[in-house]
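Residue numbers (my numbering): 42 to 758. C-beta atoms are modelled at their ideal positions from N, C-alpha and C, and glycine is treated no differently. Since the structure is predicted, the reported quantities are computational estimates derived from the model, not experimental observations.
Below, the structure written as structure tokens:
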């Protein structure tokens with residue numbers, strides 16, 4: 042028995058059906074009744090009734106009909122002067138009361154023409170808290186069905202204690218989709234059918250031509266893959282609400298089908314076993330098992346996709362990046378919704394403010410990221426770039442060329458913007474990519490990954506960029522040094538140390554961002570104040586923010602230094618001191634110089650001179666970014682020449698240590714490693730080299746076959 046046969050086999054035992062009709066099915070675009078559609082539906086229900094099915098109808102549409110009716114009456118009764126005044130929105134409760142009367146009158150008329158009786162049952166959320174009510178409800182419906190009467194349910198919005206229809210989503214049920222699911226359970230239905238204005242559940246917004254209908258919903262497979270579009274033009278929740286209700290009912294044992302209420306005869310087709318709409322069933326995972334892709338398989342797939350990407354022309358790879366940038370901007374609203382959900386969850390969980398700050402995508406961030414991707418796309422193609430040409434012998438030319446590393450594994454914490462930057466750099470450099478983000482950014486990462494991979498052409502494949510969703514998969518991935526070429530952990534010292542201890546794969550990155558600003562006695566103090574404040578306040582959670590302020594001892598009693606302390610405190614910076622500064626400034630002593638605050642706090646300490654500052658940085662720093670503020674050139678030269686950090690600045694904020702600010706387009710991180718890339722790692726840091734040798738039949742023959750010239754040749758444009 043194939044999947045289709047198994048998924049529809051249960052239908053032979055269906056007798057009692059709960060059918061929910063959405064507002065978008067009941068009404069037209071202008072808010073008026075869709076009379077033809079409703080009439081055709083009633084004819085289907087009459088046919089099912091005569092075939093022995095027990096049909097229970099849950100119908101939306103009352104509030105919309107009531108609003109349309111009351112707006113008309115208000116218009117008729119308004120003077121010209123009244124119409125010039127701002128129009129107040131009609132009370133939702135009144136709309137519900139008027140509309141329910143209209144809706145039931147219409148159903149009664151239509152069913153009467155078909156010689157079918159119907160009954161109205163209005164319920165509220167609080168009713169279902171009463172056990173006696175639930176028993177009486179079951180008895181009443183049983184009696185009606187035995188008499189071939191079709192019960193028509195709706196929430197009694199007119200007297201419901203919710204604040205207003207469409208606003209309050211709390212309670213035992215929160216809309217007519219969840220009411221239908223609840224009734225299916227209470228009344229022991231064999232099937233729940235939810236009629237919508239689309240053919241079923243799609244993998245993305247139905248308006249997107251790349252979206253595909255999902256005929257059988259498998260929670261384990263589809264829960265993280267689906268992207269919902271806008272909610273319905275009317276009603277409370279659109280497809281999101283239907284899926285939630287369907288999943289709840291299906292996993293409680295009631296099969297559910299979501300299908301179109303626009304297509305004539307769809308309900309009959311469902312019962313005939315035709316594959317229309319989307320089926321939800323608790324055994325769906327057994328009919329079409331989720332294919333688990335193991336860690337190694339994910340890496341292999343990324344490598345295969347990367348080779349197809351490398352085979353494209355430079356212009357084609359550029360087009361992929363531009364499409365990614367456009368896709369991100371086109372989905373800003375969707376991205377923000379998912380990111381706000383992550384931020385709210387993090388706040389409720391009590392995460393630190395610094396983490397929440399890194400988690401949040403601030404207004405304009407997606408546009409900024411898209412622009413950075415376009416800058417990256419318009420840069421010179423880094424793949425296959427000839428770095429050196431050498432004539433080894435007559436007719437034997439050797440070229441050293443740039444080449445992608447292969448497959449990258451990036452593990453990062455809490456910062457969803459990193460996913461966009463890393464993915465764009467991987468595409469530009471022709472690398473396959475595996476990403477593991479922090480659980481606190483799960484929804485943000487999922488939607489960003491879906492949008493980016495959706496913009497990658499099928500000729501390359503979305504598996505170019507894999508999203509690892511489970512922390513347990515990381516140790517397994519770290520074992521596969523034969524298919525993963527570089528690991529870049531972005532996060533805490535603990536994370537970086539764990540990764541290094543678990544793998545033989547080369548690791549690129551930094552554990553801490555303990556950045557220093559040293560103010561020499563020769564410094565321009567107005568400049569020093571601007572730089573020190575910017576270094577700490579501009580983005581305190583960043584790895585290139587100042588964590589320690591070193592000050593020449595001769596400045597400790599000066600007005601200018603006192604002004605700097607005042608300025609930092611005025612910005613909300615908490616100051617801690619080393620042994621000398623804590624007593625002189627009367628501030629708490631720092632528990633350690635090797636500490637990354639990642640917040641509005643920093644350590645202050647006095648040093649004897651630039652050489653003492655250099656020694657302090659070497660002893661307590663993390664070799665990330667350190668800067669000197671001085672006018673004495675000997676001091677400047679000593680600092681720039683001797684501080685052994687990835688980035689060393691003079692009279693400039695350490696916040697400039699950033700791939701985008703360096704003109705790299707973006708960065709996968711900042712490396713304090715001494716092998717391969719160091720500092721902000723852009724496209725060049727994700728490349729290695731290959732040797733291309735072009736000859737015309739030469740052989741070594743004990744080095745007697747050629748005369749070596751080893752002559753440098755010009756690099757051809």
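Contact check, residue i vs residue j under 8 Å by CB: the rounded distance?
{"i": "residue 90", "j": "residue 96", "result": "6 Å"}
{"i": "residue 162", "j": "residue 194", "result": "5 Å"}
{"i": "residue 655", "j": "residue 680", "result": "7 Å"}
{"i": "residue 555", "j": "residue 659", "result": "Rounded, the Cβ-Cβ distance is 12 Å, inconsistent with contact."}
{"i": "residue 312", "j": "residue 52", "result": "6 Å"}
{"i": "residue 452", "j": "residue 480", "result": "Their Cβ separation, rounded to whole angstroms, is 12 Å, which puts residue 452 and residue 480 out of contact at 8 Å."}
{"i": "residue 579", "j": "residue 663", "result": "About 19 Å; that fails the 8 Å criterion."}
{"i": "residue 468", "j": "residue 344", "result": "About 15 Å; that fails the 8 Å criterion."}
{"i": "residue 348", "j": "residue 521", "result": "17 Å between Cβ atoms; not a contact."}
{"i": "residue 235", "j": "residue 61", "result": "5 Å"}
{"i": "residue 543", "j": "residue 516", "result": "6 Å"}
{"i": "residue 26", "j": "residue 718", "result": "No answer is possible for residue 26: it lies beyond the span of the chain, which begins at 42 and ends at 758."}
Taking the straight line between their C-alpha atoms, what separation do you get for residue i and residue j?
{"i": "residue 197", "j": "residue 300", "result": "25 Å"}
{"i": "residue 315", "j": "residue 296", "result": "15 Å"}
{"i": "residue 657", "j": "residue 559", "result": "10 Å"}
{"i": "residue 410", "j": "residue 596", "result": "42 Å"}
{"i": "residue 693", "j": "residue 666", "result": "11 Å"}
{"i": "residue 757", "j": "residue 420", "result": "19 Å"}
{"i": "residue 457", "j": "residue 652", "result": "40 Å"}
{"i": "residue 568", "j": "residue 603", "result": "14 Å"}
{"i": "residue 617", "j": "residue 590", "result": "10 Å"}
{"i": "residue 487", "j": "residue 749", "result": "56 Å"}
{"i": "residue 599", "j": "residue 701", "result": "37 Å"}
{"i": "residue 322", "j": "residue 255", "result": "13 Å"}
{"i": "residue 485", "j": "residue 498", "result": "22 Å"}
{"i": "residue 253", "j": "residue 408", "result": "28 Å"}
{"i": "residue 283", "j": "residue 146", "result": "27 Å"}
{"i": "residue 361", "j": "residue 245", "result": "20 Å"}
{"i": "residue 354", "j": "residue 726", "result": "21 Å"}
{"i": "residue 607", "j": "residue 620", "result": "20 Å"}
{"i": "residue 455", "j": "residue 537", "result": "15 Å"}
{"i": "residue 439", "j": "residue 367", "result": "40 Å"}
{"i": "residue 219", "j": "residue 291", "result": "12 Å"}
{"i": "residue 754", "j": "residue 431", "result": "5 Å"}
{"i": "residue 684", "j": "residue 587", "result": "16 Å"}
{"i": "residue 396", "j": "residue 327", "result": "40 Å"}
{"i": "residue 751", "j": "residue 732", "result": "15 Å"}
Going by the CB atoms, is the gap between residue j and residue i shorter than 8 Å?
{"i": "residue 428", "j": "residue 442", "result": "yes"}
{"i": "residue 489", "j": "residue 461", "result": "yes"}
{"i": "residue 449", "j": "residue 529", "result": "yes"}
{"i": "residue 221", "j": "residue 66", "result": "no"}
{"i": "residue 470", "j": "residue 705", "result": "no"}
{"i": "residue 318", "j": "residue 85", "result": "no"}
{"i": "residue 72", "j": "residue 107", "result": "no"}
{"i": "residue 695", "j": "residue 564", "result": "no"}
{"i": "residue 464", "j": "residue 493", "result": "yes"}
{"i": "residue 400", "j": "residue 378", "result": "no"}
{"i": "residue 158", "j": "residue 190", "result": "yes"}
{"i": "residue 144", "j": "residue 102", "result": "yes"}
{"i": "residue 87", "j": "residue 186", "result": "no"}
{"i": "residue 446", "j": "residue 527", "result": "yes"}
Around the Cβ of residue i, are there at least 16 other Cβ atoms within 10 angstroms (buried) or fewer (exposed)?
{"i": "residue 141", "result": "buried"}
{"i": "residue 9", "result": "Residue numbering for the chain in the displayed model covers 42 to 758; residue 9 lies beyond these limits and cannot be assessed."}
{"i": "residue 674", "result": "exposed"}
{"i": "residue 682", "result": "exposed"}
{"i": "residue 638", "result": "buried"}
{"i": "residue 531", "result": "buried"}
{"i": "residue 634", "result": "buried"}
{"i": "residue 491", "result": "buried"}
{"i": "residue 632", "result": "exposed"}
{"i": "residue 150", "result": "exposed"}
{"i": "residue 109", "result": "buried"}
{"i": "residue 615", "result": "exposed"}
Taking 8 Å as the CB-CB cut-off, is residue i touching chain D?
{"i": "residue 406", "result": "Of the protein chains in the structure, only one exists, and it is not chain D."}
For the stretch 541-618, list the beta strand (DSSP E) runs that are entirely contained and at least 3 residues long, ordered along the chain. 556-560, 587-593 and 615-618
Could you name each continuous beta strand (DSSP E) segment of 3 residues or more that falls completely within the stretch 678-722, going from the start of the chain to the end? 688-691, 710-712 and 720-722
Could you pull out every unbroken alpha helix (DSSP H) segment of at least 4 residues lying fully inside the stretch 172-205, listed in chain order? 172-187
Ignoring anything shorter than 4 residues, give me the alpha helix (DSSP H) runs that lie fully in the stretch 387-411, in order along the chain. 394-400
Extract the residue ranges of the alpha helix (DSSP H) inside the stretch 497-547, only unbroken runs of 4 or more that lie entirely within it. 514-518 and 534-543
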